[in-house]
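S.K.:
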Amino acid sequence: MNETKDLIKQLVSIPSPSGKTGKVIQFVEDYLKKIHVETKRNRKGGLIATLPGENNQEHRMLTAHVDTLGAMVKEVKPNGRLRLDLIGGFRYNSIEGEYCEIHTTSGKIFTGTILMHQTSVHVYKDAGDAKRDQVNMEVRIDARVENAEDIRALGIEVGDFVSFDPRVELTDNGFIKSRHLDDKASVAILLQLMKRLKEEKVALPYTTHFLISNNEEIGYGGNSNITPETIEYLAVDMGAMGDGQSTDEYTVSICVKDASGPYHYELRKNLVELAVENKLGYKLDIYPYYGSDASAAIRAGHDIVHGLIGPGIDSSHAFERTHEESLLNTEKLLYHYVQSSMVSI
């Protein structure tokens with residue numbers, strides 16, 4: 001489990017907002033090459049790893065995504081600051097006060113802080129009440145800039161990507177606190193799964209593909225590169241926690257329905273039976289405002305059996321946290337799943 005946590009720390013520390021994921025994909029590709037797993041890139045910039053199985057006529061595919069929430073420079077402001085446009089579904093209040101990096105097209109990186117224009121309570125009467133939105137939020141750049149001309153002289157321009165400081169921390173009692181656990185925690189789990197299968201020389205019953213997608217946060221990460229032979233398609237993504245939810249930080253969350261509709265009933269039953277048989281902690285749950293790469297694939301017209309599981313993540317799309325027990329239960333369920341029989345159709 002320490003290996004998984006260390007891998008998560010490395011992954012979340014690589015900036016990868018949707019649209020700028022080359023560096024993290026390279027990291028994953030290098031990791032898989034070291035353990036002798038065959039990979040290929042798709043045209044969208046994602047990565048597909050394949051482990052051969054005894055049955056090559058029927059395939060499985062598992063997916064997790066490395067792209068994260070982020071932003072782009074929307075406007076170079078006259079006051080020497082930047083206005084943002086968001087990448088992914090989150091709220092401005094979740095990044096207020098956050099340290100960030102501005103990635104220029106020339107390759108230079110500048111640091112900054114995301115703040116309300118009306119931050120100083122000694123100057124602005126409405127500092128606490130002003131709306132947290134695109135108009136009022138801005139980036140204060142850590143450089144001597146006083147106007148738009150100064151900013152452009154640094155090479156910063158509209159369209160430059162902005163990434164957020166992950167603030168990753170591993171606690172002594174098993175918690176992992178960080179931005180971007182959605183979904184780099186699941187990517188680490190899949191990498192560790194492939195490593196274990198290789199080390200143990202597990203004979204998989206079906207050829208199994210692992211898609212590391214890079215556009216999930218903007219809705220279309222997993223709806224291509226699904227082989228015609230693929231029958232089961234399992235997304236591994238965070239379990240959403242909150243009022244009315246069953247998911248917690250210590251078990252694997254098995255999604256029965258999200259905003260796209262119900263997931264495949266027989267596949268869900270198989271996952272539950274595997275969890276019970278292997279004495280794993282699990283929770284069934286509905287995610288009301290959520291869509292996965294598996295649901296994107298269904299919408300794209302793929303004729304597949306689709307499912308969704310993942311570790312429970314608190315405060316999704318903001319100040320995220322999970323626990324090693326949830327990671328472990330998810331890892332174990334996936335280990336048994338890839339060795340199980342496919343559902344009857």
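Going letter by letter, the sequence shown gives residues 1 to 345 in full-length UniProt numbering. No residue lacks a Cβ here, since even glycine has one placed at the ideal position from N, Cα and C.
Smallest Cα separation from E331: which of A130, L274, S292, R299?
M.R.: The shortest Cα separation from E331 among A130, L274, S292, R299 belongs to L274.
S.K.: Give the list of continuous alpha helix (DSSP H) stretches no shorter than 4 residues that lie fully inside the region 130-162.
M.R.: 148-153
S.K.: Tell me whether L204 sits in a helix, a strand or coil according to DSSP, three-state version.
M.R.: coil
S.K.: Once DSSP output is grouped into helix, strand and coil, what is the label at D172?
M.R.: coil
S.K.: How is the alpha helix (DSSP H) around S295 delimited, first residue to last?
M.R.: 293-299
S.K.: Would you say H209 and I48 are within 7 Å of each other, going by their C-beta atoms?
M.R.: For H209 and I48, yes; Cβs fall inside 7 Å.
S.K.: Identify whether N55 lies in helix, strand or coil by the three-state DSSP scheme.
M.R.: strand
S.K.: Any chance you could list the beta strand (DSSP E) runs of at least 3 consecutive residues sitting entirely within the region 301-338, in chain order?
M.R.: Segments of the beta strand (DSSP E) lying fully in the region 301-338: 305-313, 321-323.
S.K.: R167 by DSSP, collapsed to three states: which one?
M.R.: Coil.
S.K.: Which word fits V145, buried or exposed, when buried means at least 16 other C-beta atoms lie within 10 angstroms of its C-beta?
M.R.: buried
S.K.: Just to confirm my understanding: we take E75, look at its own chain, exclude 5 residues before and 5 after, and list those with CB closer than 6 Å. What are they?
M.R.: R83
S.K.: Write down the C-beta distance between R81 and I141 rounded to the nearest angstrom, noting that I regard them as a contact closer than 8 Å.
M.R.: 7 Å
S.K.: So, using beta-carbon positions, are R268 and V256 closer together than 7 Å?
M.R.: yes
S.K.: Extract the residue ranges of the alpha helix (DSSP H) inside the region 177-247, only unbroken runs of 4 or more that lie entirely within it.
M.R.: Whole alpha helix (DSSP H) segments, 4+ residues: 181-199.
S.K.: According to the Cβ coordinates, are S178 and E101 closer than 7 Å?
M.R.: no
S.K.: Which of helix, strand or coil does DSSP assign to A49?
M.R.: It is a strand residue.
S.K.: In terms of alpha-carbon separation, which member of Q118, V123, H122 lies closest to A130?
M.R.: Q118
S.K.: Taking three-plus beta-carbon pairs below 8 Å as touching, is the region 236-252 in contact with the region 186-194?
M.R.: yes
S.K.: Go ahead and label M1 buried or exposed: buried means 16 or more other beta carbons lie within 10 angstroms of its beta carbon, across all protein chains shown.
M.R.: exposed
S.K.: Can you give the beta carbon distance from H65 to E216, rounded, assuming they're within the 8 Å contact cut?
M.R.: 4 Å
S.K.: Using DSSP with H/G/I as helix, E/B as strand and the rest coil, what is R268?
M.R.: helix
S.K.: Count the other CB atoms within 10 Å of the CB of R60; is the residue buried (16 or more) or exposed (fewer)?
M.R.: buried
S.K.: The beta strand (DSSP E) spanning I95 covers which residue range?
M.R.: Counting along the chain, I95 falls outside any beta strand (DSSP E), and DSSP gives it neither H nor E.
S.K.: At which residues does the alpha helix (DSSP H) containing K34 begin and terminate?
M.R.: Where K34 is concerned, the enclosing alpha helix (DSSP H) starts and stops at 22-34.
S.K.: Can you tell me which of V73, Y250, G291 puts its alpha carbon nearest to the alpha carbon of P262?
M.R.: G291
S.K.: Please work out which residues of its chain come closer than 6 Å, Cβ to Cβ, to E38, disregarding the five sequence neighbours upstream and downstream, and give them in chain order.
M.R.: T50
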